[in-house]
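S.K.: Residue numbers (the UniProt record's numbering): 1 to 399. Before we start, here is the structure in question, set down as structure tokens.
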Ligand SMILES: Cc1cc2nc3c(=O)[nH]c(=O)nc-3n(C[C@H](O)[C@H](O)[C@H](O)COP(=O)(O)OP(=O)(O)OC[C@H]3O[C@@H](n4cnc5c(N)ncnc54)[C@H](O)[C@@H]3O)c2cc1C
């Protein structure tokens, strides 16, 4: 039997699987195999809440309960992709049609010390580990109290950095109470090279988010180019001067790229671990272009250009989901040996950045929104995705 192999169980591939028409399983010629390194689908857009301690299992769904029954799931870590073959930690897998949806990882842009001394928020296990590290460090500080204050530096004032800080300051109120640490003893600094935080939003909205966080004692070091990361701080250049910002704990959220597997696979030609794709979601500008007819790359591993601006779209769950839904149509045509009838076109619906449990900023279409209503809308979008994957049982505690 021929094999359609999907790599990764994130937004892109889950949207694809949930959008396939039921008659696709009657194509007896093909079996569907999903390979992912965890038995869970986790909501990457909420990883900051896991790292900050706000939630944990609530952002996961067990794959065995949500996958269509005709899809065979294999838990394995993909190491490399080759022609018609996947090399993984436990086994090798052949494919006839391949869909890569392996997501993202942190990009340190080669800055010395980030890999050694900073933590990032890129997957579920990593977010859980970071939460534990923060709690342990604070417990240690509560006992020893050997320095004037406990300093946390968050590098990057984009989506991940600001969403993490927002949910962490809320959670910190509880942690401080439990550990009996005075508010003034914990200093959180956000370091950013740009002059503003959240540059993807209207400046008035970004500025309201900054004020909201400053009122919660967050310090912003803007216009600071990060030069190096050390065990106990960050070396930055600000106004032409080199200075050090001390930190006991450093969290790197200043950049993401595609999955390292893409870079490690000589089968692909990559840039920042991403493969450039066309409007049929297939690799282009590849050294092995002739081998790409049966390969699709979607989500954060793919780089797609906006046909109007010729600039690459930013990687988002919204893009990953739209690509997955669209690929369901193409895949049916492919399995039936038909030509593709339609090209993918991205339809941005809006973006909302949550800043803790009480506030958010964003836009829907051309309308800017902020405050609790923006937060509720974001929660509704997340709930809708959960419902799409598992129906009402996704909201039951025993699931
Ligand atoms: C904190 C944070 C907040 C965000 N907020 C938003 C937001 O509000 N809106 C928005 O649109 N986007 C947001 N994003 C971006 C969004 O999460 C990503 O764009 C999206 O998850 C990409 O989907 P994907 O399917 O490509 O990858 P993912 O959803 O990350 O899935 C990747 C899958 O691949 C698996 N995998 C990875 N490596 C391997 C391997 N070697 N072998 C086997 N399996 C592997 C993983 O387990 C996972 O199942 C946010 C990101 C972060 C980190």
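C-beta atoms are modelled at their ideal positions from N, C-alpha and C, and glycine is treated no differently. These numbers were taken from a predicted model, which means no experiment stands behind them.
Is residue 107 near ligand 1, judged by its Cβ being under 7 Å from some heavy atom?
M.R.: no
S.K.: Based on Cα-Cα distance, which residue from 187, 204 and 228 lies nearest to residue 218?
M.R.: 187
S.K.: Going by C-alpha distance, which of 14, 238, 65 and 66 is nearest residue 44?
M.R.: 14
S.K.: Exposed or buried, which one is residue 365 when buried takes at least 16 other CB atoms within 10 Å?
M.R.: exposed
S.K.: Could you say which of 305, 204 and 383 lies nearest to residue 369 if we only look at CA atoms?
M.R.: 204
S.K.: On a Cα-Cα basis, can you pick out the residue from 374, 388 and 396 that is closest to residue 16?
M.R.: 388
S.K.: Buried or exposed, going by whether 16 or more other CB atoms sit within 10 Å of the CB of residue 170?
M.R.: buried
S.K.: Examine ligand 1 and report whether any of its heavy atoms sits within less than 7 Å of the Cβ of residue 102.
M.R.: yes
S.K.: Go to residue 331, then tell me how far its alpha helix (DSSP H) extends in each direction, as first and last residue.
M.R.: 317 to 335
S.K.: On a CA-only basis, which of 53, 26, 61 and 8 is nearest residue 385? Give me that one, please.
M.R.: 61
S.K.: Leaving out five residues on either side along the sequence, give the residues of the same chain with a beta carbon under 6 Å from the beta carbon of residue 127.
M.R.: 47, 50, 51 and 121
S.K.: Can you tell which of 180, 157 and 119 has the C-alpha that lies nearest to the C-alpha of residue 403?
M.R.: This structure does not reach residue 403, given that the chain is present from 1 up to 399, and the question cannot be answered.
S.K.: Please report the straight-line C-alpha distance between residue 114 and residue 155, rounded to a whole angstrom.
M.R.: Going from the Cα of residue 114 to the Cα of residue 155 covers about 10 Å.
S.K.: Give me the Cα-Cα distance between residue 38 and residue 240, rounded to the nearest whole angstrom.
M.R.: Computed Cα separation, rounded: 46 Å.
S.K.: Report the rounded CA-to-CA distance for residue 98 versus residue 307, giving the unit in angstroms.
M.R.: Cα-Cα distance, rounded: 25 Å.
S.K.: With a CB to CB cut of under 6 Å and the five nearest residues on each side skipped, what residues in its chain are close to residue 151?
M.R.: 187, 246, 247 and 248
S.K.: Could you spell out the range, first to last residue, of the beta strand (DSSP E) harbouring residue 80?
M.R.: 78 to 82
S.K.: Could you pull the start and end residues of the alpha helix (DSSP H) that residue 246 belongs to?
M.R.: Counting along the chain, residue 246 falls outside any alpha helix (DSSP H), though it belongs to the beta strand (DSSP E) covering 241 to 246.
S.K.: Using a 10 Å radius around the Cβ and a threshold of 16 neighbouring Cβ atoms, would you call residue 300 buried or exposed?
M.R.: Residue burial annotation: residue 300 is buried, with at least 16 other C-beta atoms found within 10 angstroms of its C-beta.
S.K.: Is it true that the CB of residue 30 sits closer than 8 Å to the CB of residue 330?
M.R.: no
S.K.: Mind checking which residues open and close the alpha helix (DSSP H) that includes residue 182?
M.R.: Where residue 182 is concerned, there is no enclosing alpha helix (DSSP H), given that its DSSP letter is neither H nor E.
S.K.: Of all the alpha helix (DSSP H) runs that stay within the bounds of the stretch 97 to 145, which reach a length of 4 or more residues?
M.R.: If you keep only unbroken alpha helix (DSSP H) runs of at least 4 residues inside the stretch 97 to 145, you get 114 to 117 and 124 to 144.
S.K.: So within the stretch 155 to 227, which uninterrupted beta strand (DSSP E) runs reach at least 3 residues, ignoring any that extend past its ends?
M.R.: 186 to 191 and 218 to 221
S.K.: To which residues does DSSP link residue 60 through a beta bridge?
M.R.: 42
S.K.: Does ligand 1 have a heavy atom nearer than 7 Å to the CB of residue 384?
M.R.: no
S.K.: Between the alpha carbons of residue 100 and residue 149, how many angstroms are there, rounded?
M.R.: Using only the alpha carbons, I get a separation of about 45 Å.
S.K.: Are the Cβ atoms of residue 199 and residue 256 separated by less than 8 Å?
M.R.: no
S.K.: Comparing alpha-carbon positions, which option in 185, 227, 375 and 210 lies nearest residue 165?
M.R.: 210
S.K.: The alpha helix (DSSP H) spanning residue 375 covers which residue range?
M.R.: 372 to 390
S.K.: What are the boundary residues of the beta strand (DSSP E) that residue 260 is part of?
M.R.: Element bounds for residue 260: not the beta strand (DSSP E) but the alpha helix (DSSP H), 260 to 264.
S.K.: Can you tell me where the alpha helix (DSSP H) holding residue 11 begins and where it ends?
M.R.: 11 to 19 is the span of the alpha helix (DSSP H), which, as asked, contains residue 11.
S.K.: So, with DSSP's three-state summary, where would you put residue 299?
M.R.: Helix at residue 299.
S.K.: Nearest CA to the CA of residue 243: which residue from 251, 225 and 92?
M.R.: 225
S.K.: Below 8 Å on the Cβ atoms is my guess for residue 157 versus residue 197; work out the distance and round it to an integer in Å.
M.R.: 4 Å
S.K.: Is it buried or exposed, residue 189, if we count other Cβ atoms within 10 angstroms and call 16 or more buried?
M.R.: By the neighbour-count criterion, in which 16 or more other beta carbons inside 10 Å mark a residue as buried, residue 189 falls on the buried side.
S.K.: Is residue 338 near ligand 1 - that is, is its Cβ less than 7 Å away from at least one heavy atom of it?
M.R.: no
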